[in-house]
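Each remark here refers to the structure printed beneath this line.
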Amino acid sequence: MVNDLILDVHDLKKAYDGVDVLKGIGFSLKKGETKVLIGPSGSGKSTLLRCINYLTTPDAGCIKLNGEEVLDTNIDAMRARMGFVFQDFNLFSHLTVLDNVRICQIKVKGKDKASATERAHQELERVGLADRAEAYPAELSGGQQQRVSIARALAMDPDVLLFDEPTSALDPELTGEVTKVMQQLAKEGMTMVVVTHEMSFARQAADEIIFMEHGYIVEQGAPDFMFNQSTHERTRAFLNVIAEHG
Ligand SMILES: Nc1ncnc2c1ncn2[C@@H]1O[C@H](COP(=O)(O)OP(=O)(O)OP(=O)(O)O)[C@@H](O)[C@H]1O
Ligand SMILES: [Mg+2]
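The opening residue of the sequence shown carries number 1 in our numbering; numbering runs sequentially from there.
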């Protein structure tokens, strides 16, 4: 049987100090799909992404990656198959760009230095930074740092890439260079979940948009449906606010 579900999240729940933040979230992602997660501040978007790779431990529910359940006991191996791109880049400041892209390949995947180096150069080329391999993160713009972080994730051959507001720490002129790379990845068939307020990216790259509020998925659908045909009052109200305030 062919099963092309890469990520399958079922009835995920999380509470902080007795307050329910995720109230039973379910969605799935097929190979090559990009889903964009939107919703007001505090709706649980980051908590959901962090629960998927156990940066935050869920209270209940089930997460499957390529048919295999993600558990406390296998989390290191599972994490190696899920790339995570953070808002604040999370690069090692004392390492060069090349070493940032190489280190997990060597330490987590056990690759030898030569093949990790070759792959790092390939991924840096892919994100348009072939000429900055010897720079340190502090010598790069925020947009360039985020592209290094994407290259680092790609070099691990992940089954899925998770992005939590990858451009929200960037000036508008730097946002475009990062969303362009992400759009290209979506086109090339990378499987991705992206939390973002960049609606032009969502329109162009998402197979589906998921709207979350108060720990629930309120509605999900293709971009055209969500932007133009949704009759759900909360979805429309949220998209109107985004359209007004960018
Ligand atoms: N470590 C934590 N301890 C306690 N409460 C938390 C923790 N992390 C998140 N929360 C709470 O959980 C709720 C959901 O937070 P979350 O960060 O997932 O929202 P979000 O949708 O990502 O918001 P934003 O758009 O502002 O990033 C919020 O009320 C938040 O205060
Ligand atoms: Mg968040």
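Backbone N, C-alpha and C fix where the C-beta goes; we use that ideal spot for every residue, glycine too.
Per DSSP, what are the beta-bridge partners of residue i in this structure?
i      : result
ILE25  : LEU12
ALA229 : The displayed chain sequence assigns Gln, not Ala, to residue 229. Beta-bridge pairing links GLN229 to no other residue.
MET192 : THR34 and LEU161
ASP17  : In DSSP, ASP17 forms no bridge with anything.
LEU5   : LYS30
Between which two residues does the alpha helix (DSSP H) holding residue i run?
i      : result
MET182 : 172–187
ASP112 : No alpha helix (DSSP H) holds ASP112; DSSP gives it neither H nor E.
VAL148 : 142–154
ASP99  : 97–107
GLN204 : 199–205
Candidates the options: which alpha carbon is nearest residue i's?
i      : options                           : result
ASP207 : ALA222, MET190, PHE27 and PHE86   : ALA222
THR34  : GLN87, GLN184 and THR175          : GLN184
ALA60  : VAL21, LEU7, SER41 and LEU239     : VAL21
ILE25  : ASP17, LYS45, ILE6 and LYS31      : LYS45
SER28  : ASN66, ASP76, ALA15 and SER141    : ASN66
GLN144 : PHE163, PRO158 and THR179         : THR179
GLY39  : HIS214, THR175, HIS245 and MET192 : HIS214
THR117 : ILE106, THR191 and LYS30          : ILE106
SER200 : GLU219, MET182 and ILE217         : MET182
VAL101 : GLU233, GLU177 and VAL148         : VAL148
VAL218 : GLU233, GLU165, GLN229 and ALA114 : GLU233
ASP99  : MET82, ARG132 and VAL193          : ARG132
GLY250 : MET212, MET190, SER43 and HIS121  : This structure cannot settle anything about residue 250, because the visible part of the chain is limited to 1 through 246.
GLY293 : ALA151, LYS111 and VAL195         : One cannot answer for residue 293 here, as it falls past the ends of the chain, which runs 1 to 246.
ASP159 : ASN53, LEU48, ASP17 and THR47     : ASN53
PRO172 : GLU188, VAL193, SER141 and LEU154 : SER141
ARG152 : GLY176, PHE163, ALA120 and SER168 : ALA120
VAL19  : LEU7, THR47, PHE163 and ILE6      : THR47
GLN188 : ARG50, ARG126, GLN87 and PHE227   : According to the sequence shown, residue 188 is Glu rather than Gln. With distances taken between Cα atoms, GLU188 lies closest to ARG126.
MET212 : LEU239, ALA205 and GLN204         : LEU239
LEU174 : GLN146, LEU154 and ALA155         : GLN146
PHE163 : LEU129, VAL108, ALA138 and PHE89  : PHE89
ALA80  : GLN122, LEU154 and ALA130         : LEU154
GLN87  : THR56, CYS104, ASN74 and LEU49    : LEU49
GLU134 : ILE210, LEU95, ALA114 and LEU170  : LEU95
LEU161 : ASN74, ILE242, TYR216 and MET82   : MET82
THR56  : ALA15, LYS30 and GLU68            : ALA15
MET226 : ASN74, THR73, GLY176 and ALA202   : ALA202
ALA205 : ALA186, LYS30 and GLY176          : ALA186
CYS104 : ALA237, ILE150 and ILE209         : ILE150
GLU177 : GLY128, GLU244 and HIS245         : GLY128
If residue i and residue j are in contact, beta carbons under 8 Å, what's the gap, nearest whole angstrom?
i      : j      : result
LYS23  : PRO58  : Actually they are not in contact, since the Cβ atoms of LYS23 and PRO58 sit about 12 Å apart, beyond 8 Å.
LEU124 : VAL85  : No, LEU124 and VAL85 are not in contact; Cβ-Cβ is about 15 Å, not under 8 Å.
VAL193 : LEU5   : Not quite, the Cβ-Cβ distance comes to about 13 Å (not below 8 Å), so this is no contact.
ASP8   : LYS64  : 4 Å
LYS109 : MET78  : Not confirmed; about 14 Å, so no contact.
PRO137 : LEU91  : 4 Å
SER168 : HIS197 : 7 Å
May I ask which residues mark the beginning and end of the beta strand (DSSP E) holding residue i?
i      : result
PHE163 : 160–164
GLN220 : 216–221
PHE211 : 208–213
From the beta carbon of residue i, is the nearest beta carbon of chain B less than 8 Å away?
i      : result
ALA120 : Looking at the structure shown, chain B is missing, and only one protein chain is on hand.
Ordered list of alpha helix (DSSP H) runs contained in the region 29–85, each at least 4 residues: 45–52 and 75–79
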